[in-house]
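A short write-up of the structure that comes next.
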Amino acid sequence: YVAKRRRVGVAVYDEARDGEGRHRLELAQQLREGIARGELVLHYQPKLGLDSDRVVGVEALARWAHPQRGLLYPDAFIDVAESSGLMGDLTLAVLDGALAQCRAWRDDGQVLSMAVNVSPSNLVDDRFPEEVDERLAAHGLPASALVLEVTESLLMEDRERAVSVLGRLRAAGVGIAIDDYGTGYSSLAYLAELPVTELKLDRSFVGSMTDSPRNSAIVTSTLQLSRALGLVLVAEGAEDQATVDALVELGCDQVQGYHLSRPLPADGVLPWLAGRRVESVQVGN
Ligand code: C2E
Ligand code: MG
Ligand code: MG
Ligand code: MG
Numbered sequence: 479y480v481a482k483r484r485r486v487g488v489a490v491y492d493e494a495r496d497g498e499g500r501h502r503l504e505l506a507q508q509l510r511e512g513i514a515r516g517e518l519v520l521h522y523q524p525k526l527g528l529d530s531d532r533v534v535g536v537e538a539l540a541r542w543a544h545p546q547r548g549l550l551y552p553d554a555f556i557d558v559a560e561s562s563g564l565m566g567d568l569t570l571a572v573l574d575g576a577l578a579q580c581r582a583w584r585d586d587g588q589v590l591s592m593a594v595n596v597s598p599s600n601l602v603d604d605r606f607p608e609e610v611d612e613r614l615a616a617h618g619l620p621a622s623a624l625v626l627e628v629t630e631s632l633l634m635e636d637r638e639r640a641v642s643v644l645g646r647l648r649a650a651g652v653g654i655a656i657d658d659y660g661t662g663y664s665s666l667a668y669l670a671e672l673p674v675t676e677l678k679l680d681r682s683f684v685g686s687m688t689d690s691p692r693n694s695a696i697v698t699s700t701l702q703l704s705r706a707l708g709l710v711l712v713a714e715g716a717e718d719q720a721t722v723d724a725l726v727e728l729g730c731d732q733v734q735g736y737h738l739s740r741p742l743p744a745d746g747v748l749p750w751l752a753g754r755r756v757e758s759v760q761v762g763n
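Per the UniProt record's numbering: the sequence shown = residues 479 to 763.
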């Protein structure tokens, strides 16, 4: 059947496929309405500075409170958002929610930086830097309060435009992180031309570094690279104390991972911060 289908290409009717297509269309429609109705919920995962032992900020991670299916995780809706043209709206909704929360925490005396994940369509959109600026201003936040996380694969699409959009964001003072660093293509080429401020080394290297000399070597050499380029190195996916200890030993800058904290609902963040020290040296307010 597979061979036959290959031979005649897309002309073969595939009932399962068709059902899937209908399902995606329906999901996209629900997501469009859901975003407009405010069904996106943000969880926040803290980042810890290893030299200071202070919390430096949080990353906003989107969940969708689907009216029938309950709380959905990004793997259930990010692809759909991207393929159905909803990513611009989704990112702006996440930015708005995350910056409002960041403002509220500052008003409570906790100066946390906020990281927001962005997608390919944001980076090829010439209006995106202004939209970010507008939202920072609307919430009374300095650009230095925000870090945008981009993945390497994402930068493949329209490289020139992505470089220009990121350049404008960086010039405004927004931090730029390469997310899942080490899993994409041409990492080094990007580093040479992108206005990046931090690398987030993918958890596939970090998680197993204490058992794997190879992964440990990758962490070490990425750290050297970060140093040489003046970038902050964040290790993602540290799940135990041994990994955190190894990262401290190597001199890694920051860590994120289940061992420190899973992503927390908004109202879980201040209680989690109680008794911890927060890095409040960012400029502005
Ligand atoms: P990411 O930005 O690399 O986020 C980290 C993901 O790894 C999160 O999953 C987090 O819960 C998980 N994680 C953190 N620490 C650990 C750990 O120690 N061990 C393990 N096994 N996992 C850990 P989540 O929240 O399901 O997000 C998955 C991805 O979805 C994110 O990866 C990001 O690429 C995407 N995403 C999430 N929110 C947004 C958003 O608002 N916009 C866009 N464009 N993408 C988003
Ligand atoms: Mg991220
Ligand atoms: Mg990541
Ligand atoms: Mg990841």
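Ideal placement from N, C-alpha and C gives every residue a C-beta, glycine not left out.
Close-in-space but distant-in-sequence residues of the same chain around residue i (CB under 6 Å, 5 per side omitted)
i	result
A720	T688
A713	L679, V684, L725, C730 and V733
D693	Before going on, a small fix: residue 693 reads as Asn here, not Asp. Hits under 6 Å: F683, S686 and M687.
Span separating the alpha-carbon of residue i from that of residue j
i	j	result
V761	A615	Model confidence at V761 stands at a pLDDT of 46, short of 50, so the residue's coordinates are unreliable and nothing is read from them.
K482	S561	Residue placement at K482 is flagged as unreliable, the pLDDT there being 40, under the threshold of 50; a coordinate-derived value is accordingly withheld.
T661	E630	8 Å
residue 852	R681	Nothing can be reported for residue 852, as the shown portion of the chain is limited to 479 through 763.
G618	S591	14 Å
I654	D586	26 Å
I513	E727	43 Å
L624	V594	8 Å
S622	E504	39 Å
L707	V533	23 Å
Residues of its chain near residue i, where Cβ-Cβ distance is below 8 Å and the 5 sequence neighbours each way are ignored
i	result
R484	In this prediction, R484 has a pLDDT of 44, which is less than 50 and means its spatial position is unreliable; what the coordinates show is noted afterwards. Taken in chain order, the list of residues that qualify is empty.
V488	For V488, the pLDDT reaches just 48, beneath the cut-off of 50, and the residue's location in the model is therefore unreliable, leaving the point undetermined.
H544	Q508, G512, E517 and L550
Q579	L520, Y522, A538, M592 and A744
Nearest-angstrom Cβ-Cβ length linking residue i and residue j, presumed shorter than 8 Å
i	j	result
Q523	S739	6 Å
Candidates the options, of which the one nearest residue i by Cα
i	options	result
L703	D718, R515 and V674	V674
P743	A538, L503 and E517	A538
L528	D723, L748 and W750	D723
E671	G575, D658 and R648	R648
D627	E757, D658, A576 and E608	In the sequence as presented, Asp is not what sits at residue 627; that position holds Glu. Cα-wise, what sits closest to E627 is D658.
Minimum Cβ-Cβ distance from residue i to chain C less than 8 Å
i	result
G753	Judged by its chain identifiers, the structure shown contains no chain C, having just a single protein chain.
* Whole alpha helix (DSSP H) runs in the stretch 488-576 with 4 or more residues, listed along the chain? -> 493-514 and 556-561
* To do: Any chance you could list the alpha helix (DSSP H) runs of at least 4 consecutive residues sitting entirely within the stretch 599-649, in chain order?
  => Runs of the alpha helix (DSSP H) inside the stretch 599-649: 606-616.
* In the stretch 731-760, which residue ranges form an unbroken alpha helix (DSSP H) of at least 4 residues, counting only runs that do not cross its ends? -> 744-751
* Where are the alpha helix (DSSP H) runs, 4 residues long or more, that stay fully inside the stretch 667-732, in chain order? -> As far as the stretch 667-732 is concerned, its whole alpha helix (DSSP H) runs of at least 4 residues are 681-684, 691-707 and 719-728.
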